[in-house]
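In UniProt numbering, the protein residues as written are 1 to 91. A virtual CB, placed ideally from N, CA and C, is assigned to each residue, including glycine. These numbers come from a predicted model, not from an experiment. Encoded as structure tokens, the structure appears first; notes follow it.
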Amino acid sequence: MNFSMTAGDTKYIEIELNEDAAALNGATLKFGFDDVVKNGTLKGNIFIVKLDPSDTEDKGGFHKYEAEVTDTQGNVSTVVKGGMSIEQNKV
1 MNFSMTAGDT KYIEIELNED AAALNGATLK FGFDDVVKNG TLKGNIFIVK LDPSDTEDKG
61 GFHKYEAEVT DTQGNVSTVV KGGMSIEQNK V
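What follows is the structure in structure tokens.
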């Protein structure tokens, strides 16, 4: 899953998992790129990750990211990898 955004903007990223919502109860998600690591919020079978303006304001260009889920047993699974293009803000 690739996406683009403008540096310094707020961005919500939705990561839908092919799991029953009940099976994900108690699981956590971490989303990371470069030196930024964010936690996701679970809603049903979708994790929502919020990127704050400070996460991207100095990071123009193309960046690889990944997200991993840790279940209640401590098992870790990488659920998505991709690229994000961050355009510099002109304002």
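With contacts defined as CB atoms closer than 8 Å, residue 30 and residue 67 qualify as a contacting pair. Counting along the chain, no alpha helix (DSSP H) covers residue 78; the unbroken beta strand (DSSP E) around it starts and ends at 76 to 87.
Here residue 84 is buried. Its C-beta has 16 or more other C-beta atoms within 10 Å.
In the structure shown, residue 6 adopts extended strand secondary structure according to DSSP, grouped into three states. Around the C-beta of residue 34, fewer than 16 other C-beta atoms lie within 10 Å, and the residue is accordingly described as exposed.
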